[in-house]
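Below is one structure; the comments refer to it alone.
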Amino acid sequence: MTKTLRLVAPGVALAMALAGAAGARPSDQKCDASQRDARGRCPATPGPGSKAGKGARPPVTARPAWREHQTPAFAEVDLTAALARPASNALRPDPAARKAVPRPDLGVQVDDAMISEYQRGSETLPDSDPDKPSYLLKLADAQAARYRKARQAGASSKPAADAALVLAVKAYSAVTSNPAFARFARLDEALGRLAVLLEDSGQQDNALLAYRRLVKEFPRARHIADAVLALSDQALLQGRLDEAEAGYGKLASVTSSPAHAYVRYMTGWVLLNRDRPRDALTAFTEAADEAARLKQPALVRAARQDGVRAFAQFGSASEALQRFAATPALLPRVGEAYMDMGKFDQAITLYQAMIATQPRSPELCTWGLAVTRASLGMPTIDQRARAVTTFVELLRHVRKAKLAPAAALARCQAEGEELVRTMAQAFHQEGARTLNARVLGVARQLYEAYFSADFALAAHAATMRYYYAELLWSRAEREPNPRIADEFWSEAALAFSAAARTPGLAPDLVKEASYAAVLGWRKAIDHDARPGKVSDANDGGDGKGPVMRGLPPRTAQMLSAFKAYLAITRDPGESASLSFLAGSLYARYGHVLEAAKVLARVVTTWPDDEVAEHAASILLDVLNQARRYDELVGWVRTLRSEPQYAGLRARMGETLERLHAQIRRKEAEGLEAKGDFEGCAISYLAIAREVPDYDQLDEVLYNAIACYKRGGANDKAQGLVDTLGKLAPRSPLLARAKELLSR
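Here the sequence shown stands for residues 1271 to 2013, where the numbers follow this note's numbering.
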């Protein structure tokens, strides 16, 4: 009797799958290999009414970068513009300095009864009465005093302050703008107090108009110093340095004025704008010392900080460390000034020295971030990348040692996340545009620094994982050495799997990442799947069936990627293809239960898909090798009879028929072993009837003759000999059959 029939070897089917059968879909279109996408498909032909058919470019989102060699999907990044420090007030003094100069108290008592009297007098007296402007001035002074008192009380008194301000300005304006009061003896006081009130309330333009009138009409007025000071400040801000310097020079001689320190401070700004930083530093220092004596802390702070700006124009980082040793809080201002001036090397030296000498400062993270920002101005990309990795290490140290308050640490982490993310994307984009391997290498280094910094809570963490995987994919595509490329594909596949699992990734990118992981693993194991390296012999040669072997790590990871993608895809073609490939891999390594389960799902769920034929062949072969004959018989009968498998039956008809014949032969062999020779012969004859094109028909008839002979049915045996002679007259088994009957 003959042996069990062997089906298509799972190794061969697997090679077919990895070569493209699992990814390609049937299509009536024709295209070159270069035109096919990552799954082997020809591009769809646009309909006559589509935009694509009219020459329009498809949206970028329709062509994932990891499949079509594009630059990354994130928006265009200008590294310099994105990371440059905001422009500093290089020509603008600190506004708090002016507010630090106290205004003289008018000594007005705010009394509601007196205000009512002033109000009544100003309303009832005619303009010709010489007492009316006095009433108006007293009313204005009282309302101004009420305004200042309410403003000092805080936000809750703002409505009252606003109302008093309106009444005060109205009363002052009534005195200063009425021609009938042109000879009023205290007109200069009214005009000066109106200007001061307008300046204090933030109405700078109107205040300057009043000051100019005061200077023009009353050059010896009480408030003339306020007027000169305000006009000099405006001249400085508008770049009229000669006018500003002349004005401050007039006021400098009045050393008893509470504004004298402020005048010296503003003189420093004139000198700074004249590119005389050393003289400006002297002026700022003197202003700070005098303001300290006058107990004007806001002016002290402004003068010292702006003195730092003057020093930074000519002093080095080492000099700054010595000069400001007694006031270390000013050193960060020096660093900021260096950054504003483009002195990045000095800024880096200074901040690094501060980090080294104050290793437990709560500002450590901020200083490290400043070093990283300053590194953007350094000439080499390696220096910039090294600054990022150093900052990340410092951030981890600050976080672990709990050196910074929670709010400050959160702020530094947020700024650091934005900085590192933007740098990584900028280098990635530049590398993708220029195909510069060195730039792409730095981009990878920056991505890995980003992940090691543990910005897990950042809103961009998930997409950063996706972009990093894109970067690795690009590198694998450009590697000419197949063996090295296999390692790169493995890394890309792992990265895409990690991206797909990262919380927060957009659903469309989850699907893209999952499918990219599948393709990456297919490419990674491609050299192991060539036909010459696939063994057709899965059994151990001892007749006990296939030997289960451990899945190689890459294969196991690939199967995991299949599972992840199959959980989210709704494409039946992709589901069928990947399920078939998974079943083929399980079969290749002798994992019979897993292979049978997956392949059976392919056959039952997608019987009309082109891979169903290959899946059914491998399924039947696996069951055959595993000696699971009952299941094998059940599947063959189901595929030959059930209506839903009509298309599949038509495609694999010869295989099914041969298997059916083999099953019948097994039945006959079993009956013969039990001594049921009549049943044995009938089973063999059923093969001839049910599979008329069976290529071993002469063997079947011979075996039936032998069973009838052993059962004593010589007449039936003789009839089959005659049939054998008609059907296969040249078969060597015909002579053997005649000899058998002659015994």
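Where a beta carbon is used, it is the ideal one built from N, C-alpha and C, also for glycine.
- DSSP places residue 1428 in the helix class (H, G or I) of the three-state scheme.
- The DSSP-derived three-state label of residue 1749 is coil.
- Inter-segment contact for the region 1581-1590 and the region 1615-1626 is present: three or more beta-carbon pairs are separated by less than 8 Å.
- In the structure shown, the three-state DSSP call for residue 2010 is helix.
- Residue burial annotation: residue 1651 is buried, with at least 16 other C-beta atoms found within 10 angstroms of its C-beta.
- Annotation: residue 1754 to residue 1791 spans about 14 Å, alpha carbon to alpha carbon.
- With distances taken between CA atoms, residue 1819 lies nearest to 1855 out of 1668, 1855, 1839 and 1774.
- In this structure, residue 1433 lies away from residue 1410, with their beta-carbon atoms at least 8 Å apart.
- Here residue 1984 is exposed. Its C-beta has fewer than 16 other C-beta atoms within 10 Å.
- Short of 7 Å from the beta carbon of residue 1636, and not among the five residues preceding or following it, lie these beta carbons of its own chain, in chain order: 1682.
- In the three-state DSSP reduction, residue 1973 falls in the helix class (H, G or I).
- The Cβ atoms of residue 1484 and residue 1458 sit closer than 8 Å to each other.
- For residue 1486, the enclosing alpha helix (DSSP H) starts and ends at 1474-1487.
- Annotation: the continuous alpha helix (DSSP H) that includes residue 1403 extends over 1402-1422.
- The region 1767-1784 makes contact with the region 1723-1743: 3 or more CB pairs, one atom from each, lie closer than 8 Å.
- A straight-line Cα-Cα distance of about 30 Å links residue 1502 and residue 1609.
- When Cβ pairs closer than 8 Å are counted between the two stretches, the region 1923-1932 is seen to touch the region 1903-1910, the count reaching three or more.
- Contact between residue 1998 and residue 1963 is ruled out by a C-beta separation of about 13 Å, above the 8 Å threshold.
- Taking residue 1991 as reference, the option from 1655, 2005, 1958 and 1982 with the minimal CA-CA separation is 2005.
- The C-beta of residue 1584 has fewer than 16 other C-beta atoms within 10 Å across all chains shown, which makes the residue exposed.
- Per DSSP, the unbroken alpha helix (DSSP H) holding residue 1536 starts and ends at 1530-1543.
- Counting only the Cα atoms, residue 1845 lies some 13 Å from residue 1874.
- Residue 1461 places its beta carbon 8 Å or farther from that of residue 1438.
- With contacts defined by Cβ atoms closer than 8 Å, residue 1956 and residue 1980 do not form a contacting pair.
- Counting along the chain, the unbroken alpha helix (DSSP H) around residue 1985 starts and ends at 1984-1997.
- Annotated three-state conformation of residue 1728 is coil, per DSSP.
- Here residue 1614 is actually not in contact with residue 1577; their C-beta atoms are around 22 Å apart, not less than 8 Å.
- A residue is called buried when at least 16 other Cβ atoms come within 10 angstroms of its Cβ; residue 1720 meets this threshold and is buried.
- Listed in chain order, the non-local C-beta contacts of residue 1549 below 7 Å within the same chain comprise 1541, local neighbours out to five positions each way being set aside.
- A contact between stretches requires three or more CB pairs, one per stretch, nearer than 8 Å, and the region 1400-1414 fails this requirement with the region 1423-1431.
- The Cβ atoms of residue 1971 and residue 1987 lie no closer than 8 Å to each other.
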